[in-house]
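Protein chains in written order, with my numbering: chain A, 1 to 233; chain B, 1001 to 1473.
By construction, the Cβ of each residue, glycine as well, lies at the ideal position given by its N, Cα and C atoms.
Here the structure is a predicted model, which is why all the values come from computation and not from measurement.
For reference, the structure is listed below as structure tokens.
Spelled out as structure tokens, the structure:
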């Protein structure tokens, strides 16, 4: 779409995780620079002026929050997404207070990370909100809260509609169970039988939107989650 | 002043003891001294009265009209009546008619006092001109038409000497007694405090490695009681420590199992001759396993969080039925899918009652319990939720959740709440989760003062009963 790809700086000391992040984020269509230490990251942030900073909070020598504080003090125009392994409320609140735009607890699902990066960068570009979303013959009207496939009206419960809408908004992308739990069910606690509930709900939705039709849109990506996409795309 | 106070308990005890004893002895000595003095004075008075009566019989006027004391009754001069008594007889005008030689010419008190000796025997202490003090009695006596005033007295010097002697005795004896008592007190305190010292030494020697050591308890007294309390404290510590150790070992084991499967799947996938479909499959399996691992870690963190909550911490009044309804709504889709009929029964008294709890933790507990019941319920079965209220011994709400699943194997009714417990029964083995759900629920319910258990009498299904004390508001 845009000629200039958004630039993302990743500051992460774990080399394995850093390498995975770099290739994954690059595959999602961004230009990526990586730094293995706070000092290096700080230098690169000044030098390259990235649009988004992916910041690990637990860095050797210098805490991630320190860098964030300094960056905010200097007034660099950059979005910051922090990654933390101490995923406690206090930690998240402190991160946001210090000037982060969003946070993600480790271990996170990759689709969720990409979705958050997209969301943070999209804030720059207003998207024309079309009230009707369509994916391969499936039409979803957000305003009327109705959905149809090949002109057949689908009878959906409210939760099923929310789920379908969320999947459609992320069409072509994989949506993890954590994302669904957080964004559709609004469950804060991660240890709960919510995964079971999600699986059952998805199975029921699939019965309504896919079973009567030959082309299957709602796919299960084993180990990752679900994806709404036209096959072959 | 502070510097003078000994820090040593033994010395302090002894000082207190000696101080109190000294005070008591002083009071005692004063009382005895006063009593002794009073008794001796009384004795003197009685002797004097007796003497006056005797003297009255011995007085007579001779032919010249002079007053005489008949002195021919004694056999030896030492028995002389007036040998240590002082006597003076005056007539009503005050002129001295007789004066005993013991007075050596001194006057025994001054002129007649008005009314002196009128009524029985007047007593008083007077000072002679040579400075000595005399305790005397006066008495009026009528003889051969004359009214005589008889004054008879004893010198107080011997009495004073005796009292002084007594005082001297006390002054020597009391400090001696106190010194002895202090010494004895010091010894007694040393003996009494010896077990305390031994206990302190023993306590000093207890570390994490010999938590099983206990103090010797050999007395039924207060020190024995302290030792016992201390041993109980050690019991609890040892228990908690053992629990922690077991838990850490369990957790390591539980984390190792998914790791082993991760490794196995990865290694198998990397063998030659695999298609890309095989790789996808292996990666998917690995991701599923990481999700399981993550769930175990979240469970452990939740346990730690519930463990750290103190009863009065961050709690609010929570309506239990509301939380249960909310959880049922969350699990609604599972209930519909499995065609399970949920039957709610509620005693009128159990309506709208609230308990004191951390709402999110309580909700978590109920999610785990209800999901567990649903998990084991066969399709098209009934799940019954019954609310009742009990007042004995305090106001509690009872939530009974009964399913029609395979039930709990005999002897496992308690063990299902253990961390990482998975039943050996074949009916349930395929449905086991992380093995933390029920232990989390139990910990949370325990922390708000409640109780959770499976009814052992129920056949055909399982009945989980949650009891939570109602909040006072």
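- Residue 1417 of chain B and residue 1435 of chain B do not touch by the CB rule: their CB atoms are close to 11 Å apart, not below 8 Å.
- Not a single CB atom of chain A sits nearer than 8 Å to the CB of residue 1398 of chain B.
- Between residue 1306 of chain B and residue 1369 of chain B the beta-carbon gap is near 14 Å, outside 8 Å, which marks them as no contact.
- Here residue 1347 of chain B is not near residue 1384 of chain B, since their CB atoms are 8 Å or more apart.
- Among the residues of chain B, those whose CB is under 9 Å from the CB of residue 223 of chain A are 1283, 1284, 1285, 1286, 1287, 1288, 1289, 1290, 1291, following chain order.
- Taking C-beta atoms under 8 Å as the contact rule, residue 1470 of chain B and residue 1353 of chain B qualify, at a distance of about 5 Å.
- Counting only residues of its own chain and dropping the five nearest sequence neighbours on each side, residue 1014 of chain B has a CB closer than 8 Å to the CB of 1182, 1185, 1186, 1189.
- The closest CA to that of residue 153 of chain A, considering only A/164, A/166, A/139, is found on A/139.
- Contact annotation: in the region 195 to 209 of chain A, residues whose CB is within less than 7 Å of a CB in chain B are 196, 197, 200, 201, 204.
- Partner residues in the beta bridge of residue 148 of chain A, as assigned by DSSP, are A/139, A/153.
- Going by DSSP, residue 39 of chain A is part of the alpha helix (DSSP H) stretching over 38 to 48.
- Collapsing the DSSP output to three states places residue 1379 of chain B in coil.
- Only 107 from the region 103 to 115 of chain A bring a Cβ to less than 7 Å from some Cβ of chain B.
- Within chain B, the residues placing a beta-carbon under 7 Å from that of residue 189 of chain A are 1360, 1364, ordered along the chain.
- If you draw a 10 Å sphere on the C-beta of residue 71 of chain A, you find 16 or more other C-beta atoms in it, and that means buried.
- Between residue 9 of chain A and residue 53 of chain A the beta-carbon gap is near 5 Å, inside 8 Å, which marks them as a contact.
- For residue 23 of chain A, the secondary structure class from DSSP, reduced to helix, strand or coil, is helix.
- Legend: CB atoms of the region 1331 to 1359 of chain B lying less than 7 Å from CB atoms of chain A belong to residues 1331, 1333, 1334, 1337.
- Of the candidates B/1038, B/1248, B/1010, B/1364, B/1038 places its Cα closest to the Cα of residue 1135 of chain B.
- By DSSP's assignment, residue 111 of chain A forms no beta bridge with any residue.
- Residue 177 of chain A is positioned such that its CB atom lies closer than 8 Å to that of residue 225 of chain A.
- In this structure, the straight-line span from the alpha carbon of residue 1444 of chain B to that of residue 1360 of chain B is close to 10 Å.
- With a threshold of 16 other beta carbon atoms within 10 Å, residue 63 of chain A falls short and is exposed.
- Cβ contact annotation for residue 1206 of chain B (same chain, cutoff 8 Å, sequence separation greater than five): 1213, 1234, in chain order.
- Nearest C-alpha to residue 1041 of chain B among B/1111, B/1123, B/1218, B/1102: B/1123.
- Taking one beta carbon from each stretch, the region 1135 to 1147 of chain B and the region 198 to 216 of chain A have fewer than 3 pairs nearer than 8 Å; the two do not touch.
- Between the alpha carbons of residue 1323 of chain B and residue 1366 of chain B lies a gap of roughly 8 Å.
- Closest option to residue 89 of chain A, judged by alpha-carbon separation, among A/79, A/103, A/76: A/103.
- A Cβ-Cβ separation of about 6 Å places residue 1465 of chain B in contact with residue 1453 of chain B under the 8 Å criterion.
- Spatial neighbours of residue 1203 of chain B in its own chain (CB-CB distance under 8 Å, excluding positions within 5 residues in sequence) are listed in chain order as 1215, 1230.
- Sequence-distant Cβ neighbours of residue 206 of chain A in its own chain, meaning closer than 6 Å and more than five residues away, are 218.
- Closest in C-alpha terms to residue 1236 of chain B, from the list B/1398, B/1035, B/1211, B/1060, comes B/1211.
- Neighbours of residue 131 of chain A across chain B, judged by C-beta separation under 9 Å, do not exist; the nearest C-beta is about 27 Å away.
- By the rule that beta-carbons nearer than 8 Å mark a contact, residue 193 of chain A touches chain B.
- In terms of Cβ geometry, residue 1177 of chain B and residue 1025 of chain B form a close pair [threshold 8 Å].
- Ranked by Cα distance from residue 150 of chain A, the first of A/36, A/16, A/210 is A/210.
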